[in-house]
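First up is the structure itself, then whatever we jot down about it.
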């Protein structure tokens with residue numbers, strides 16, 4: 001009897017830890033009357049969305065009598081969005097900045113293509129519920145160390161363990177291209193040494209990928225090189241390459257090098273993208289804009305430059321996503337997008353930057369990013385505009401067709417605790 005109680009308690013913990021509630025008997029869940037923001041620029045003013053088996057099975061106009069065999073929810077006047085995706089951050093790999101034992105985002109060594117962030121993803125992190133509460137249903141925990149940092153995966157922000165959270169493992173390889181930065185009070189000798197070191201690091205990185213490309217062309221390479229084996233997905237087109245570099249001229253050199261190896265690049269630190277718009281257009285290079293709420297990248301720029309950058313990219317037809325790097329601050333992603341809207345970015349284009357475009361850049365556009373038939377039923381229902389801090393309160397979240405309890409959030413629990421104590 002005691003053993004039975006232990007089993008029941010363990011099951012309750014495993015299946016209730018992330019507060020996911022499945023629909024009874026696999027019934028369809030029918031949402032009627034919402035303003036459906038598809039994520040690809042389209043809006044259905046009086047829409048109907050039917051979810052079953054974790055997938056979206058119908059999206060269209062609200063039709064009388066449709067979906068009557070499912071659980072019908074009248075959400076008239078509400079706004080429905082696809083789950084937001086936060087790229088290029090360390091949420092789930094870092095908990096407390098001041099506590100080094102909670103840092104799990106960097107490994108020793110410089111060239112580490114074999115490092116995988118997915119197994120290190122902490123589903124019990126107190127950060128993830130704060131992201132979920134603001135509509136961020138998926139994240140890309142990104143390794144940080146060395147020139148080749150390793151691979152990132154696309155993970156759900158509410159799951160019991162990392163295999164269950166994974167949408168796509170090892171979706172992208174992350175390269176931090178060496179670049180020289182001039183610091184104040186550097187002597188001429190120090191400047192020369194720093195430039196030489198940067199050049200040597202670039203040569204080593206190019207040499208590694210040139211050898212990896214040759215290794216990839218061999219049918220049965222012997223002996224096997226584990227680091228080159230880890231690059232195979234990159235060369236056969238099954239993995240994205242996220243290039244982290246801040247200086248535009250350095251980006252040009254790196255992008256052209258990878259182009260010579262037939263590897264498509266995503267510029268993952270494109271805060272200075274405005275300086276090389278023609279190059280980005282010519283090379284059809286996709287970019288990720290990080291942390292709009294920041295100072296300008298160049299001191300001579302206008303103070304509004306970071307806020308207006310997304311609108312500039314959209315105007316020039318450059319594919320881009322918006323993200324918020326870091327860990328705790330990632331939850332502010334919707335509000336940074338709201339700032340971009342204020343400075344000229346169209347609302348539906350803005351939505352696509354954290355849904356469809358983000359999914360495409362991460363290699364999961366076939367399952368996430370839009371409210372379309374056959375894709376994951378990962379949806380957000382709001383009382384208003386999700387990018388508006390005042391009206392965009394999220395009322396319901398579905399993750400793969402399962403309701404998520406938004407109150408399973410330590411911040412909300414503390415708020416209730418001390419509010420009741422007044």
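In my numbering, the protein residues as written are 1 to 422. Each residue gets a CB set at the ideal place from its N, CA and C atoms; glycine is no exception. Given the structure is predicted, the values throughout are model-derived calculations rather than measurements.
*Provide the residue span of the alpha helix (DSSP H) that contains residue 334, from first to last.*
Following the DSSP letters along the chain, one finds residue 334 inside the alpha helix (DSSP H) bounded by residues 333-342.
*Integer Cβ distance of residue 81 from residue 143, believed to fall under 8 Å*: For a cut-off of 8 Å, the C-beta gap from residue 81 to residue 143 is around 29 Å, too long to register as a contact.
*Give a yes or no on whether the C-beta atoms belonging to residue 241 and residue 267 are separated by under 8 Å.*
Against a cut-off of 8 Å, the Cβ pair of residue 267 and residue 241 comes out as no contact.
*With a CB to CB cut of under 8 Å and the five nearest residues on each side skipped, what residues in its chain are close to residue 239?*
Here the set comprises 151, 170, 171, 172, 173, 233 and 363.
_Residue ranges of each beta strand (DSSP E) within the stretch 107-158, 3 or longer_ = 136-141 and 148-156, all fully within the stretch 107-158.
*How far does the alpha helix (DSSP H) with residue 315 in it reach, from first residue to last?*
Boundaries of the alpha helix (DSSP H) harbouring residue 315: 305-315, taken from the DSSP string.
*asked:* Comparing C-alpha positions only, which one of 74, 139 and 63 sits nearest to residue 92?
replied: Considering only alpha carbons, the answer is 139.
_What would DSSP say about residue 177, mapped onto helix, strand or coil?_
Here residue 177 carries a coil assignment [DSSP, helix/strand/coil].
_Boundaries (first-last residue) of the alpha helix (DSSP H) holding residue 81_ = Careful: residue 81 lies outside any alpha helix (DSSP H), inside the beta strand (DSSP E) at 79-82.
*May I ask you to list the residues that DSSP assigns as paired with residue 51?*
Per the DSSP secondary-structure output, residue 51 pairs in a beta bridge with 29 and 56.
*Any heavy atom of the ligand NAP closer than 7 Å to the CB of residue 30?*
Looking for the ligand NAP in the displayed structure turns up nothing, as the structure carries no ligands at all.
*By DSSP, does residue 244 sit in helix, in strand, or in coil?*
In this structure, residue 244 counts as strand in the three-state DSSP scheme.
*Verify whether the separation of the beta carbon atoms of residue 291 and residue 325 is less than 8 Å.*
In this structure, residue 325 lies closer than 8 Å to residue 291 by Cβ.
*Going by DSSP, which residues form a beta bridge with residue 382?*
Residue 382 pairs with 79 and 394.
*Do you know offhand how far residue 262's Cα is from residue 370's?*
Rounded to the nearest angstrom, the two C-alpha atoms are 29 Å apart.
_Could you check whether residue 271 and residue 230 sit closer than 8 Å to each other, using their CB atoms as the reference points?_
No Cβ-Cβ contact shorter than 8 Å links residue 230 with residue 271.
*Leaving out five residues on either side along the sequence, give the residues of the same chain with a beta carbon under 8 Å from the beta carbon of residue 341.*
Contacts found: 347, 350 and 387.
*How many angstroms separate the CA atom of residue 53 from the CA atom of residue 367?*
Straight-line Cα distance between these residues: approximately 14 Å.
*Would you tell me roughly how many angstroms separate the C-alpha atoms of residue 377 and residue 194, rounded to the nearest one?*
Each residue's alpha carbon lies about 50 Å from the other.
*Is residue 265 closer than 8 Å to residue 274 when the C-beta atoms are compared?*
Going by C-beta atoms, residue 274 is not nearer than 8 Å to residue 265.
*Taking all protein chains shown into account, do 16 or more other C-beta atoms lie within 10 angstroms of the C-beta of residue 310, making it buried, or fewer, making it exposed?*
Residue 310 is buried by the Cβ-count criterion.
*Taking C-beta to C-beta, are residue 318 and residue 287 nearer than 8 Å?*
Annotated as proximal: residue 318 and residue 287, with beta-carbon spacing under 8 Å.
*asked:* What does the alpha-carbon distance come out to for the pair residue 14 and residue 61?
replied: Summary for residue 14: the model assigns pLDDT 41, below 50, so the residue's position carries little reliability, and this model does not support an answer.
*Short check: CB of residue 244 to CB of residue 176, under 8 Å?*
Contact: yes.
*Taking 8 Å as the cut-off, decide whether the C-beta atoms of residue 196 and residue 246 are in contact.*
Taking 8 Å as the Cβ cut-off, residue 196 and residue 246 do not qualify as a contacting pair.
*On a CA-only basis, which of 216, 68 and 44 is nearest residue 237? Give me that one, please.*
Per the C-alpha coordinates, the member of 216, 68 and 44 positioned closest to residue 237 is 216.
*DSSP three-state call for residue 169: helix, strand or coil?*
Strand, per DSSP.
*Report yes if the C-beta distance between residue 400 and residue 133 is below 8 Å; otherwise report no.*
Judged by beta-carbon spacing, residue 133 lies beyond the 8 Å limit of residue 400, meaning their Cβ atoms are not closer than that value.
_Contacting residues, own chain, Cβ-Cβ under 7 Å from residue 345 (five flanking each side not counted)_ = Cβ within range, chain order: 310, 311 and 314.
_I need the straight-line Cα distance from residue 405 to residue 203, nearest angstrom please._
Near 51 Å, if we compare the C-alpha coordinates of residue 203 and residue 405.
*Reduced DSSP secondary structure (H/G/I, E/B, other) of residue 292*: Here residue 292 sits in coil by DSSP.
*Find the nearest neighbour of residue 209 within the set 235, 184, 131 and 224, judged by alpha-carbon distance.*
The shortest C-alpha separation from residue 209 is found at 235.
*Label residue 357 either buried or exposed according to how many other C-beta atoms from any shown protein chain fall within 10 Å of its C-beta, with 16 as the threshold for buried.*
A residue is called buried when at least 16 other Cβ atoms come within 10 angstroms of its Cβ; residue 357 meets this threshold and is buried.
*When the distance is taken between beta carbons, is residue 111 closer than 8 Å to residue 146?*
Yes.
*Taking DSSP as the reference, what is the three-state secondary structure of residue 387?*
Note: residue 387 maps to coil in three-state DSSP.
*CB of residue 135 within 8 Å of CB of residue 394, strictly*: Yes, the Cβ-Cβ distance between residue 135 and residue 394 is below 8 Å.
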